[in-house]
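Colleague: Take a look at the following structure, please.
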Amino acid sequence: MSGDIRSPLPMDEVDQSTASRPCGAVFIDQHVDILIQRACCVEPVLDKLLSMRVINDEEYQDIKTEKTPQKQMRALLMGPIRSRGDQGKQLLYATLKAQQPLMMEDLSA
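Rendered as structure tokens:
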């Protein structure tokens, strides 16, 4: 049955759906791989997200047990941030801009 096959969205609809999302959420989605690769100091980011209640104590502890900053960032992005949706991504974006401004400027260029 051809009714089950969905045609792709026209480009103007795709652009509108991206435009309605917070810029930080779009940025995080576009740079997931690079954010994981370039992660260096994840604990201060976790501390800030915990203080803002973006993540909870259990998530904080689980992420901190990861052995490398890259694994910590991957756990953060693929776990709590993904489940918090655009609002969580926007808060992560703001935190990264404040705590790792050089990396964020470089990625924005």
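Residue numbers for the sequence shown follow full-length UniProt numbering, beginning at 1 and rising by one.
All residues carry an ideal CB built from backbone N, CA and C; glycine is no exception.
Predicted, not measured: the structure shown is a model, and the values here were computed from it.
1) Could you check how far apart the C-beta atoms of glutamine 90 and glycine 24 are, in whole angstroms? I think they sit under 8 Å.
2) Residues in the same chain with beta-carbon distance under 8 Å from proline 69, minus the five sequence neighbours each way, listed in chain order, please.
3) Rounded to a whole number of angstroms, what is the C-alpha to C-alpha distance between glycine 79 and serine 108?
4) Tell me whether glutamate 58 is buried or exposed, calling it buried when 16 or more other Cβ atoms sit within 10 Å of its Cβ.
5) Of the choices Asp29, Leu102 and Ala94, whose alpha-carbon is the least far from that of valine 45?
Modeller: The answer reads as follows:
1) Looking up residue 90 in the sequence shown gives position 90. Looking up residue 24 in the sequence shown gives position 24. So it is a contact: roughly 4 Å between Cβ atoms.
2) As a position in the sequence shown, residue 69 is number 69, starting the count at 1. If we look at proline 69 and ignore the five residues flanking it on each side, its Cβ neighbours are Ala39, Cys40, Cys41 and Val42.
3) The residue labelled residue 79 in the question sits at position 79 within the sequence shown. The residue labelled residue 108 in the question sits at position 108 within the sequence shown. Cα to Cα, the separation comes out at about 24 Å.
4) Position 58 of the sequence shown, counted from the start, is the residue given in the question as residue 58. When all chains shown are included, glutamate 58 counts as exposed.
5) Taking the first residue of the sequence shown as position 1, residue 45 is located at position 45. Out of Asp29, Leu102 and Ala94, Ala94 has the C-alpha closest to the C-alpha of valine 45.
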